[in-house]
Amino acid sequence: MGVGRRMKKQGPPAPLDESKITMLKKRKAGGAEAPPKPAPAKRRRSDADEAVSKKDAPKKKKVNGAAPKADSKEPKKQPSVTKKAVPVPMSDDDEDMEDDDDEFGDLDGISEGSMDSDDEVEGLSDLEDDNSVVDSDEEGHTRGAMFSDDEDSDAEERLTAANIEGLSRKLDAEQQEEEEAAEQEMQEAALQTNIAAPDVFADQTQQGLAPDLQLLRQRITDTIRILGDLKTLGLPGKSRTDYIDLLLDDICTYYGYTRFLAEKLFNLFTPREAFAFFEANETPRPVVIRTNTLRTNRRSLAQALINRGVVLEPVGKWSKVGLQVFESPVPLGATPEYLAGHYILQAASSFLPVMALAPQPNERVLDMASAPGGKTTYMSALMRNTGCVVANDASKPRAKGLIGNIHRLGCKNTIVTNMDARTAFPKAMGGFDRVLLDAPCTGTGVISKDPGVKTSKNERDFLAIPHMQRQLLLAAIDSVDHASKTGGYIVYSTCSVTVEENEAVVQYVLRKRPNVKIVDTGLGSFGSPGLLSYMGKTFDPKMALTRRYFPHRENVDGFYVCKLKKTAVTPVAKSDDAEPRSKGPKKARSAPSAASTDDESVDKTPIVDENGHAADFEGGAFSSFEDPEDAERIARAERNRLRRKGLNPKGVLNKPKKSKVSVSEKTSETATPSQKEETEAVASKRTSNEPKSEKKTVVKGDKKQVTTEKEEKKTAAKGKVEKKEKKSAKKASK
Amino acid sequence: MRSLTEEETRTLFTKLASYTGRSLNSLITPAEDGSQSVFRLQGSRVYYVNKDIANLSVSFPRDQLLSMGTLIGKYTKTGKFRINLTALDLLAQNARYKVWIKANGVMPLLYGGSVLKAHVARFSEDCPENAGVVILDSNDVPLGFGVTARSSAQIAKLDPTSIAVHRQADAGEYLREEDTLFTT
C-alpha cells in the first residue's frame with residue numbers, strides 16, 4: 001500500500017482553477033450573507049455621496065488595495081476553523097484545507113465585515129476577483145437595495161439646483177437597480193435550496209478516468225456538510241442513504257479502503273468525525289519511548305538523549321515514563337542507551353492497558369499475547385522485578401524478539417512460553433493475580449502504522465477474529481485467582497476500534513461468566529467511554545467504564561481498554577463451556593460463526609431428543625451401533641488423529657489409553673440419550689449405519705438422519721437381505 | 735529443565751569466576767530478603783533465575799518454555815561453556831576487573847570492534863593478562879565484556895592503536911545477532 005495520499009505533499013492548487021470550480025458557490029455564499037449587513041456599507045455610502053462623480057475610481061482602488069489583505073487575513077482565520085474539526089496538527093495540510101473550505105472562508109470574511117468596514121470590502125473584493133463585471137454590478141444592487149431609505153433623506157438634504165438633475169438621474173438608476181437586485185435575489189433564492197447538491201452528484205459520470213483527488217476531496221467535504229443539514233441543503237429527490245452511499249464511495253477511492261471496511265468504520269462515527277478519523281489515519285502518530293525504570297529514570301534518560309541531539313518532551317501528564325520524540329538526528333533504535341536497555345520504543349497507546357492493569361510487586365501476572373514485549377517489560381518494571389510475569393505468545397518467531405527485549409531491559413522475573421493461550425491457560429498454569437490480554441485484532445486502530453489493513457481485512461476476519469478474542473478472554477478469566485488479596489483483575493485490550501472486537505466481546509464474556517464485572521480502568525478521564533449501544537444492540541450499562549481511544553481525538557493509536565474483576569469461582573455449569581472452547585481452533589476454521597458456536601452445540605442436542613419418538617421410524621436405521629466395529633473404527637480414527645498431531649500412536653495408545661476413553665466419551669456425549677433408547681427399542685434390527693469417524697458434531701448427526709431416511713426407503717424397496725450380505729462381506733474382508 | 739550436574743556446575747563456575755573472582759559466592763548465596771536464585775539447564779542453555787520462578791516454570795512443557803529469568807549462556811557440544819551477552823548484568827554487578835572507555839570508543843565497541851588502548855579511559859588496578867573484564871562507558875553503563883590482551887601495567891606502554899581488550903560480547907549484539915542470539 002505504501003503511504004497514504006495525504007502523506008505526500010500536495011501543493012496548494014492554482015488559484016485560477018479553484019476560482020473556476022467554486023466561483024458559483026462563492027458568489028452564492030457571499031450573496032446570501034451580504035444583504036443583512038447595513039452598518040458598514042452605510043458609512044461607505046456616505047463617503048460615496050460626498051464625491052459622486054469620483055465614486056468609482058477610489059472605490060476600485062480601495063478594493064484592490066484591500067484584496068491582498070483579505071488573502072493574508074484568511075489563512076490566519078482558517079486554521080482555527082479546520083483545527084476544530086481535526087485536532088491533529090497538520091501544518092502542511094492547512095493550506096489545502098483552507099482552499100477546500102473556501103465557501104466557509106467567505107462566510108468568515110463577511111461575518112468579520114459586520115464589525116469592521118474594511119473587512120466588508122475585503123469580503124466583497126473576493127467576489128470581485130472572480131468576475132469583475134458581475135460583481136461591480138452586484139455591489140451596486142446591494143447598496144441600492146439596502147440603503148435607499150437613508151439615502152433619500154441624505155439626498156434631499158443636499159438637494160440644490162446644481163445637482164438636482166444628476167441626483168434625480170441617480171435615483172432613477174438606483175430604482176432600476178433595486179428592481180434588478182430583487183429579481184436576482186429571487187433567482188438566487190431558488191438556487192439557494194440546492195447549494196452544493198448539484199456539484200455532489202454531478203461528476204459521477206466520468207467512471208473510467210482516474211479520479212481528480214482535489215475534486216474528490218471537495219466533494220467529500222461538501223457531502224459531509226450536506227449530511228450535517230440534510231433538510232435545507234439536500235436535494236429533494238435524494239435521501240440520506242444516497243448521500244452516504246456517495247460519501248462512502250468517495251472515501252473508498254480517496255483513501256483506498258475496501259467498501260466493507262469503510263462502511264464499518266464510518267458507522268462508528270458521525271460523518272464529520274468519520275472524516276476526521278480517516279484523515280487521522282493518513283498521518284503518523286508521534287514517536288514515543290518508554291523509560292525502563294529498572295535501569296534508569298526519565299530525567300537522566302532525557303538528558304542523555306538530549307545530549308545526542310534528540311528533541312523530546314514528556315508525553316503527557318498521564319504517564320511518568322513516556323517521552324515523546326519530535327526529531328532525532330540518530331536512529332532511536334540503535335543508540336547506546338537503547339542497547340543498554342534504558343528505553344524501548346513503544347506507542348503511547350500501549351502504555352494504557354498496563355497502567356489499567358497496575359500490577360503490584362510480588363504478584364503472579366500473565367500476559368497472554370505478549371510479543372514484542374513492550375507491555376510485558378512495562379509490567380515487569382512496575383513490579384520492580386519481583387513476583388512472576390508469564391509472557392506467552394503463540395508465534396515462535398515473534399517470541400524471539402520478545403526474549404530479546406526482556407533481556408535487553410533486564411527483566412528477571414519473566415517466564416516466556418510459546419503456547420496457544422486459548423487452550424494452554426488455565427490448563428498449564430492458573431491462579432494468576434492479574435491477566436493482561438492484549439488480544440490479536442484486525443488492527444483498525446493502527447491503520448496509520450499498517451495501511452495494509454485497509455484492503456486486507458474482509459468480512460470473514462471480522463467474524464473469526466472476534467471469535468478467537470472471546471475464547472482468549474474466557475481463558476483469561478478462568479486463569480485468574482478470584483481470591484487473590486491484591487488482584488483478581490483482567491484487562492482486555494485491542495488496537496482496534498470496531499465494536500465487534502471490543503464491546504461485543506466483553507458483553508459476550510459478561511454473559512458467559514457471571515462472576516466477572518467491569519470495573520473502572522483507573523485511566524482517569526483520558527479517552528472516551530465505551531459504547532452503550534450500537535446498531536440496535538445494547539450493552540451492559542457499566543460498559544461506560546471501559547475506555548476507547550481514537551487517533552483523531554487523542555492522537556494515539558485507536559485502542560480499547562476494559563478492566564474486569566473476577567469476584568467468584570466460575571460456576572460449575574458454566575465449566576461445560578470450557579469443553580467446546582478447548583476445541584476452539586478447529587471450529588473457528590470450519591465455521592467461524594462468531595458468537596454462537598458454543599450455544600449451537602447445546603441448542604441442537606434437544607432436537608435429537610425430540611426425535612426420540614420418531615426414533616423407531618427414523619432411528620431404526622440410525623441407532624444400531626455395532627460396538628465391536630465401532631471400537632475398531634474409533635481406534636483407527638484415534639490413531640490417525642495422533643499421527644496428525646505428530647505423535648506416535650503406538651507409544652501413546654499403549655500407555656494409559658486415557659485419550660481414547662475421553663474420545664469415545666465425546667462421541668457418546670451428543671447422541672447418548674437417543675442411542676440408548678434406540679438400542680433398546682430396536683436391538684435386533686441392526687443395519688450398517690454407524691458413525692464413520694469419532695469426530696461427530698451435531699450437524700453431522702442431522703445429515704446422517706437424512707441419509708438414513710433415504711437408505712431406509714432403499715432398504716424397504718430392495719430388501720434387507722442384500723444389505724446384510726454386503727455387511728458380512730465387509731466384515732470378512734476385514 | 736533441571737538443575738546442573740556436578741561437572742556442569744564446575745565448568746560454569748570456572749567460566750564465571752574468570753570474570754567475577756571471589757564474588758561468585760554472592761551469586762549462589764541467598765539474598766538478604768530470603769529469595770534465592772538458582773542455575774537451571776534447559777536444553778543446552780543455562781538460565782539464572784529466582785527459585786520460585788524456576789519452580790513455577792516446571793508446569794510448562796519443555797518445548798514450549800522458551801526462556802525464564804536471565805539467560806547466562808550455553809554448553810557447547812564439547813562440554814565447554816559459552817557465556818552469552820545476556821549475562822552482562824550479572825557479570826557487571828559482580829565483576830572483579832573493569833575497564834571504562836571514553837565516548838569515542840563506545841560506537842566501535844557496539845559495532846563489534848575490540849577496545850583499543852586509545853579508547854581506554856580507566857582500568858582496574860593490577861589486572862593480569864587474559865583476565866575476564868567488564869567494559870563500561872563513562873557513566874558506568876555496562877556495554878559488554880571481554881578478555882584483557884595485556885596486563886594493566888603493560889597497557890600503559892602500548893601505542894594507541896593496539897588492542898587492549900579482546901571483545902567477547904557487546905550490547906550491539908541485540909541488533910546484530912537478533913536472529914541467532916536466542917535460538918535454541
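Going down the list, the protein sequences come from chains L and P.
Under my numbering, the first residue of the first sequence carries the number 1, and numbering increases by one thereafter.
Under my numbering, the first residue of the second sequence carries the number 735, and numbering increases by one thereafter.
Yeah, the Cβ is synthetic: ideal placement off N, Cα and C, and Gly gets one too.
Check                                                                                                                           : Outcome
H900 (chain P) versus V330 (chain L): straight-line alpha-carbon distance, rounded                                              : 27 Å
Where the alpha helix (DSSP H) through M841 (chain P) begins and ends                                                           : 837-844
Straight-line gap, C861 (chain P) to V288 (chain L) (C-alpha atoms, nearest Å)                                                  : 43 Å
Chain L residues whose Cβ lies nearer than 7 Å to that of L844 (chain P)                                                        : P336, L339
Simplified DSSP state of H900 (chain P), which is helix, strand or coil                                                         : strand
9 Å Cβ cutoff met for T498 (chain L) and L265 (chain L)                                                                         : yes
Distance CB(A887 (chain P))-CB(Y831 (chain P)) smaller than 9 Å                                                                 : no
According to DSSP, residues forming a beta bridge with R779 (chain P)                                                           : P:Q776, P:K808
Length of the line joining the Cα atoms of L843 (chain P) and T820 (chain P)                                                    : 16 Å
9 Å Cβ cut-off: residues of chain P touching T414 (chain L)                                                                     : I787, S801, M802, G803
Chain L contact for A905 (chain P) (CB, 9 Å cutoff)                                                                             : yes
DSSP state of A594 (chain L) mapped onto helix, strand, coil                                                                    : Bear in mind that a pLDDT of 40 at A594 (chain L), under 50, signals an unreliable position, so the model cannot answer this.
Backbone secondary structure at G619 (chain L) - three-state DSSP                                                               : Unreliable positioning characterises G619 (chain L) in this predicted model, as indicated by a pLDDT of 43, which lies under 50. A coordinate reading is not provided.
Residue-chain proximity (N297 (chain L), chain P), Cβ-Cβ < 9 Å                                                                  : no
For Y343 (chain L), the first and last residue of its enclosing beta strand (DSSP E)                                            : 343-345
9 Å Cβ cutoff, E741 (chain P) in contact with chain L                                                                           : no
Distance, I465 (chain L) Cα to K449 (chain L) Cα                                                                                : 20 Å
Helix, strand or coil at S493 (chain L) [DSSP, three-state]                                                                     : strand
Same chain, Cβ closer than 7 Å to F857 (chain P), five either side skipped, listed in chain order                               : V833, S886, I889
Burial state of T486 (chain L), where buried means 16 or more other Cβ atoms lie within 10 Å                                    : exposed
Span of the beta strand (DSSP E), counted from its first residue to its last, around L323 (chain L)                             : 322-327
Within chain L, partners of D823 (chain P) - CB distance below 7 Å                                                              : G410
Contact list for the stretch 770-781 of chain P against chain L, Cβ threshold 9 Å                                               : S771
Validate contact between the stretch 377-386 of chain L and the stretch 751-766 of chain P using beta carbons, cut 8 Å, 3 pairs : no
E766 (chain P) at chain L interface by Cβ criterion, 9 Å                                                                        : no
Inter-residue Cα distance where the pair is A391 (chain L) and F326 (chain L)                                                   : 31 Å
Listed by chain order, chain L residues near Y753 (chain P) by CB distance under 9 Å                                            : Simply none; closest approach about 18 Å.
Neighbouring residues, chain L, relative to T763 (chain P) (Cβ below 8 Å)                                                       : What T763 (chain P) touches in chain L: nothing, since even the nearest Cβ is about 17 Å away.
Range covered by the beta strand (DSSP E) that runs through T313 (chain L)                                                      : A quick correction: the sequence has Glu, not Thr, at residue 313 (chain L). Per DSSP, E313 (chain L) belongs to the beta strand (DSSP E) from 311-314.
Interface residues of the stretch 451-476 of chain L facing chain P [CB-CB below 8 Å]                                           : none
Best match in L:V389, L:A568, L:Q175 for proximity to N362 (chain L) [C-alpha to C-alpha]                                       : L:V389
L825 (chain P) versus I869 (chain P) - alpha carbon distance                                                                    : 10 Å
Proximity below 9 Å, CB of S737 (chain P) to CB of I415 (chain L)                                                               : no
Burial state of I164 (chain L) (16 or more Cβ within 10 Å)                                                                      : exposed
Any C-beta of chain L under 9 Å from that of F879 (chain P)                                                                     : no
Collapsed DSSP secondary structure at M735 (chain P) in the structure displayed                                                 : coil
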